[in-house]
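First up is the structure itself, then whatever we jot down about it.
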Amino acid sequence: MEKLKQIAVVLCGSGFKDGSEIHESVAVLWALSQHPVQVQCFAPDAPQANVVNCLTGHVAPMEKRNMLIEAARIARGQILALDQLKVADFDAIILPGGFGAAKNLCDFAVNGANGSVRADLQGILEAFHARHKPIGAVCIAPALIALAFRHKGFDLTLGAAGSAADAVVALGHRHTVTRADQALVDRENKVVTTPAYMHDDASLHEVFEGIRKAMASVVALAS
Numbered sequence: 395m396e397k398l399k400q401i402a403v404v405l406c407g408s409g410f411k412d413g414s415e416i417h418e419s420v421a422v423l424w425a426l427s428q429h430p431v432q433v434q435c436f437a438p439d440a441p442q443a444n445v446v447n448c449l450t451g452h453v454a455p456m457e458k459r460n461m462l463i464e465a466a467r468i469a470r471g472q473i474l475a476l477d478q479l480k481v482a483d484f485d486a487i488i489l490p491g492g493f494g495a496a497k498n499l500c501d502f503a504v505n506g507a508n509g510s511v512r513a514d515l516q517g518i519l520e521a522f523h524a525r526h527k528p529i530g531a532v533c534i535a536p537a538l539i540a541l542a543f544r545h546k547g548f549d550l551t552l553g554a555a556g557s558a559a560d561a562v563v564a565l566g567h568r569h570t571v572t573r574a575d576q577a578l579v580d581r582e583n584k585v586v587t588t589p590a591y592m593h594d595d596a597s598l599h600e601v602f603e604g605i606r607k608a609m610a611s612v613v614a615l616a617s
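Here the sequence shown stands for residues 395 to 617, numbered as in this note's numbering.
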């Protein structure tokens, strides 16, 4: 019987304005479910950078939410704190998008190419890469990968050209323009990216298709 590959998925809340994008997160879990893998979700047990009313788009300055508790909504309660993620136990790691990935897991949303990744996640990503284990990133999350691995020359995509793509290049990587239904595979570095809702007008099936391709590639690269 084929051994199940172990995949870690890192979330950071629930909602496209301030946490993990729900469509993308579900698409990641849906796509992975089509392969012989076992998935474990993680999220930092810490406050979100802020809370945004996703109906109005306005920040709720007095409201506080915990990334782990909010992400448990997506994971149906099957989620662990990020500090429990042991790299040796997993074959690959996936980061769905959502603005929270650029605000909670790093500060790219505020500082762009001058930003940094959460110290705990930075260490985890470095350990996966050092062990030649694949890393998948969706939507804005490839910018986080660019921050985590400055000047490593990864092939990454954020979809269209623009300021975010320019920041990826400034960080010492190559950026490729792609559609929402495409995935970019950097086989040498075992990094797989797909733009999803970086294309604001992308249809749901295009987002799911791009993520399906990306997850298939991550699983194929996992040893």
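Quick reminder that beta carbons are idealized off the backbone N, C-alpha and C, glycines included.
| Check | Outcome |
| --- | --- |
| Measure from the alpha carbon of residue 489 to the alpha carbon of each residue in 471, 459 and 465, then state which is nearest. | 465 |
| Can you name, in chain order, every residue of its own chain whose Cβ lies under 7 Å from the Cβ of residue 572, other than the five neighbours on each side? | 551, 553, 578 and 589 |
| Which whole runs of the beta strand (DSSP E) in the stretch 410–440 are 3 residues long or more, in chain order? | 431–437 |
| Tell me whether residue 452 is buried or exposed, calling it buried when 16 or more other Cβ atoms sit within 10 Å of its Cβ. | exposed |
| Anyone know if the C-beta pair for residue 530 and residue 413 falls short of 8 Å? | no |
| State yes or no: is the C-beta of residue 576 within less than 8 Å of the C-beta of residue 484? | no |
| When the distance is taken between beta carbons, is residue 538 closer than 8 Å to residue 563? | no |
| Considering just the uninterrupted stretch of the alpha helix (DSSP H) at residue 608, what are its terminal residues? | 598–615 |
| In angstroms with no decimal places, state the Cα-to-Cα distance between residue 471 and residue 544. | 34 Å |
| Roughly how far, in whole angstroms, is the beta-carbon of residue 353 from the beta-carbon of residue 501, given that I think they are within contact range, below 8 Å? | Shown here, the chain extends from 395 to 617; a query on residue 353 therefore has no answer. |
| Have a look at the DSSP bridge pairing and note the partners of residue 568. | 549 |
| I'd like the list of long-range same chain contacts for residue 521, defined as Cβ closer than 7 Å, with 5 residues on each side in sequence excluded. | 481 |
| Looking at the structure shown, is residue 501 part of a helix, part of a strand, or coil, going by DSSP? | coil |
| Output the boundary residues of the alpha helix (DSSP H) element that contains residue 576. | Taken as a continuous stretch (DSSP letters only), residue 576 belongs to no alpha helix (DSSP H), as it is neither H nor E. |
| Please name the residue in 497, 487, 558 and 597 whose C-alpha comes closest to that of residue 613. | 487 |
| Name the DSSP bridge partner or partners of residue 489? | 531 |
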